[in-house]
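Single-structure report; data block below.
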Amino acid sequence: MLISHLGEVELIKKISRQFPLQEKGVRVGIGDDAAVLSPLTDAGRLTLVTKDILVEGVHFLSPLITPYQLGRKALAVNISDIAAMGGVPRHLVTAVGFPLETELKKVEEIYRGMGDLCRTFSINLIGGDTVKSPEGIIISVTLLGEVEEDCLLLRSGAKPGDLLGVTGELGSSAAGLDLLLEGSREEKREVEDYTSWFQILTKFHLEPPLRLQEARRIARSHLVTSMIDLSDGIMKDLGEISRASQVGAKVYLDRVPLSSALKKASSFLGKDPLDYALGGGEDYELLFTFKGGDKEKIEELAKGFQIPVSIIGEITPPEEGIKYLDKEGKERNFSRKGYTHF
1 MLISHLGEVE LIKKISRQFP LQEKGVRVGI GDDAAVLSPL TDAGRLTLVT
51 KDILVEGVHF LSPLITPYQL GRKALAVNIS DIAAMGGVPR HLVTAVGFPL
101 ETELKKVEEI YRGMGDLCRT FSINLIGGDT VKSPEGIIIS VTLLGEVEED
151 CLLLRSGAKP GDLLGVTGEL GSSAAGLDLL LEGSREEKRE VEDYTSWFQI
201 LTKFHLEPPL RLQEARRIAR SHLVTSMIDL SDGIMKDLGE ISRASQVGAK
251 VYLDRVPLSS ALKKASSFLG KDPLDYALGG GEDYELLFTF KGGDKEKIEE
301 LAKGFQIPVS IIGEITPPEE GIKYLDKEGK ERNFSRKGYT HF
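Under our numbering, the sequence shown has 184 at position 184, and the numbering climbs by one with no breaks.
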């Protein structure tokens, strides 16, 4: 069935059934002119608000991603923003545009992807809008969260002498996208373990990991001076910390965490794995700074994570700029500079 045959009101009813309220803080959810919430935060807590939009042809290509994965990713990238501030997600508002010829099943799968994350993290869908799109799918997500005032993490707290840490391994998502865009190539059949690392890397792109648990533990440790999620790649996102904190940085390239799958894919694609790791984007790992004297405490904290944490550099005075140094201490430049729309 096409959504044009169902109609807007019935479509909203179908979507609403997938999102039972998770908590008592919602007085009125979907179905009125506006949602009604009890005060989101208690004393000593702050409200967080973030928004991302996914546009077909810009952020995703429908042949490369399932509707379920698309819905999940649309919400996941917003959860990652809340996590990077040290907070927890609470309430979701979505605005979506669909072409008239969109199949109802596709819409249901998009919302199922969102719904599974809502249930995992006790997020309420409290409202939104559904409209006709003249061309392609558009998904706009606004997510409200909260954070204890003493756990709030900004981009602006880094100081010279701080060290630079990162969760996980970098570059997997960008390499996964390139593999998806490659399509069918005859020589794939002859590449050792191709299927294995193809699946690993493309999953990172299509179903990005969420570091909410790690972010909360980092925030509650009170050891970290600034943090950002890696949505656009280190080269751009470290630049955001640099600008907000008015500092420079050194990144030691031999310390940047690269997976074996990324190295194999990079060789196959004829690319430098560091290009993916530094400028690829959409890793949604956590990049953070902390005082040099707290290095052992951070390493102890990281032992409780299910993912690696790497110390990849240090914060310097602003006049030194941001430098990427090889083993010999020579500065390197890379073709990718991180993702930007304009």
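C-beta: ideal position from N, C-alpha, C; glycine also.
Check                                                                                                               : Outcome
Coil, strand or helix - valine 55 by DSSP                                                                           : strand
Reference glycine 279, options Gly44, Glu314, Leu230, Val26, closest by Cα                                          : Leu230
In chain order, each beta strand (DSSP E) run of at least 3 residues that lies wholly inside the stretch 119 to 145 : 124 to 132
Straight-line Cα distance separating valine 55 from proline 183                                                     : Here residue 183 is glycine; the residue named in the question, proline, does not match the sequence. So the two alpha carbons sit approximately 22 Å from each other.
Beta strand (DSSP E) segments (min. 3 residues) lying fully within the stretch 155 to 229                           : 163 to 167, 224 to 229
Closest by C-alpha distance to glycine 304, when choosing among Gln246, Thr167, Gln199, Leu153                      : Thr167
Helix, strand or coil at isoleucine 241 according to DSSP, with G and I counted as helix                            : helix
Straight-line Cα distance separating histidine 222 from glycine 86                                                  : 10 Å
Through-space distance from alanine 219 to threonine 47, alpha-carbon basis                                         : 16 Å
At least three beta-carbon pairs within less than 8 Å, the stretch 86 to 99 to the stretch 139 to 153               : yes
Helix, strand or coil at arginine 45 according to DSSP, with G and I counted as helix                               : strand
Anticipated Cβ contact below 8 Å, leucine 117 with leucine 75, distance rounded                                     : 5 Å
Residues near histidine 205 in its chain [Cβ-Cβ closer than 6 Å; skip 5 each side]                                  : Ser173, Gly176, Leu177
Status (buried if at least 16 other CB within 10 Å, exposed otherwise) for valine 26                                : buried
Per-residue burial, leucine 343 [other beta carbons within 10 Å of its own, 16 or more giving buried]               : Absent from the model: residue 343. The displayed extent of the chain is 1 to 342, so no value can be given.
At least 3 beta-carbon pairs within less than 8 Å: the stretch 153 to 168 vs the stretch 245 to 252                 : yes
Check whether isoleucine 137 and isoleucine 53 have beta carbons under 8 Å apart                                    : no
Among Thr66, Glu109, Ser260, nearest to glutamate 192 - alpha-carbon criterion                                      : Ser260
Nearest residue (CA-CA) to leucine 274, options Ala302, Tyr324, Pro39                                               : Tyr324
Where isoleucine 298 sits in the DSSP three-state scheme                                                            : helix
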